[in-house]
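Residues in the sequence shown are numbered consecutively from 468, following the working numbering.
Glycine included, C-beta positions come from ideal geometry on N, C-alpha and C.
Everything on this sheet refers to the single structure shown next.
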Amino acid sequence: MSTYPLVRFVTSADKLAQFPADTGVEVSVAGRSNAGKSSAINAITRRKGLARTSKTPGATRLINFFELEAGRRLVDLPGYGFAAVSGEMRRHWGNLVSGYFRQRRSLRGSIVVMDVRHPLTQNDCDMLELALSRKLPVHILLTKADKLGRGAARQALSTVRREVGEGVGVQLFSSLSGDGVEEARRAIERMLDGRAAAPGAQKETPVGPADPTGEVDPALGD
Ligand code: GDP
Numbered sequence: 468m469s470t471y472p473l474v475r476f477v478t479s480a481d482k483l484a485q486f487p488a489d490t491g492v493e494v495s496v497a498g499r500s501n502a503g504k505s506s507a508i509n510a511i512t513r514r515k516g517l518a519r520t521s522k523t524p525g526a527t528r529l530i531n532f533f534e535l536e537a538g539r540r541l542v543d544l545p546g547y548g549f550a551a552v553s554g555e556m557r558r559h560w561g562n563l564v565s566g567y568f569r570q571r572r573s574l575r576g577s578i579v580v581m582d583v584r585h586p587l588t589q590n591d592c593d594m595l596e597l598a599l600s601r602k603l604p605v606h607i608l609l610t611k612a613d614k615l616g617r618g619a620a621r622q623a624l625s626t627v628r629r630e631v632g633e634g635v636g637v638q639l640f641s642s643l644s645g646d647g648v649e650e651a652r653r654a655i656e657r658m659l660d661g662r663a664a665a666p667g668a669q670k671e672t673p674v675g676p677a678d679p680t681g682e683v684d685p686a687l688g689d
């Protein structure tokens with residue numbers, strides 16, 4: 468059975484003015500270049516070529532919008548943390564992505580993809596802060612779990628869980644073996660439906676920008 472029979476690419480944007488209409492609901496997917504973000508999107512949607520797996524790390528500067536079903540989107544944010552990109556490109560990335568988080572009213576939660584072997588780099592922590600600044604649910608996929616033995620993968624999972632604290636979801640994931648794909652899909656559906664707990668939130672997922680200044684709180688968990 469196809470999970471999202473109508474899934475389709477909507478548009479790419481490299482400036483805020485190119486974003487599609489801010490209606491319906493969406494979940495963003497972010498990660499360091501080469502962490503396995505495109506492979507994860509393809510595994511979750513069961514479409515091999517939907518998100519292009521990168522041949523050149525750091526080359527993609529665009530935000531890609533995918534429609535899962537009418538009014539429900541996955542938003543593929545450009546990969547970060549690739550050392551070879553110029554300062555100008557990094558600034559462009561920062562403006563585009565922070566603009567997205569500041570403005571996007573249909574955002575309901577964020578997935579952050581990290582290589583299970585090198586999680587929580589400084590860039591990952593900056594990304595988590597940005598996602599958490601909206602006070603929306605955040606769920607971490609520890610990708611390429613097939614590259615570690617069971618014990619080491621579990622160890623990495625509990626270390627990351629401890630580091631990020633209770634409000635953030637964390638799971639093991641492998642687009643190669645399929646482990647964790649269903650769990651990730653359920654996490655996304657919960658966010659889209661407004662059923663996922665936001666970190667530190669008492670009840671509902673807030674709608675609209677929580678911080679119109681765009682300032683990111685430097686405190687990431689405890
Ligand atoms: P992105 O830059 O974050 O979009 O990463 P890609 O999805 O393009 O993947 C980067 C590289 O990691 C590619 O060579 C993928 O084949 C590989 N890769 C992605 N996910 C997995 C995984 O779950 N297991 C393994 N072993 N390799 C993976």
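- With a 10 Å radius around the Cβ and a threshold of 16 neighbouring Cβ atoms, Glu493 comes out buried.
- DSSP places Arg621 in the uninterrupted alpha helix (DSSP H) bounded by Arg617 to Val631.
- Shown here, Ser577 sits in a strand according to DSSP, grouped into three states.
- A distance below 7 Å between beta-carbons, with the five flanking residues on each side excluded, links Leu473 to the following residues of its chain, in chain order: Glu536.
- In the DSSP assignment, Gln638 falls within the beta strand (DSSP E) that extends over Gly636 to Leu639.
- When only Cα atoms are considered, Gln622 and Leu615 end up about 10 Å apart.
- Closest option to Leu643, judged by alpha-carbon separation, among Asp543, Gly491, Tyr567 and Ile511: Ile511.
- A distance below 8 Å separates the beta carbons of Leu603 and Ala665.
- A Cβ-Cβ distance of about 6 Å is found for the pair Ser500 and Gly548, placing them in contact under the 8 Å criterion.
- In this structure, Asp613 has its beta carbon less than 7 Å from a heavy atom of the ligand GDP.
- In the three-state DSSP reduction, Thr490 falls in the coil class, being neither helix nor strand.
- Look at Asp481 here: in three-state DSSP terms it is coil, with no helix or strand label.
- Taking 8 Å as the cut-off, the Cβ atoms of Ala480 and Ile530 count as close.
- Separation of Gly647 and Asp489 (C-alpha to C-alpha, rounded to the nearest whole angstrom) is 30 Å.
- Look at Thr610 here: in three-state DSSP terms it is strand.
- The C-alpha of Tyr471 is placed about 31 Å away from the C-alpha of Asp593.
- Here Val564 has Leu544 as same chain residues with Cβ atoms under 6 Å from its own Cβ, once five neighbours each way along the sequence are excluded.
- Under the three-state reduction of DSSP output, Phe549 falls in the coil class, being neither helix nor strand.
- From the listed residues Val637, Gly636, Thr610 and Gln570, the smallest Cα separation to Ile508 is found for Thr610.
- The beta carbon of Thr610 sits closer than 7 Å to at least one heavy atom of the ligand GDP.
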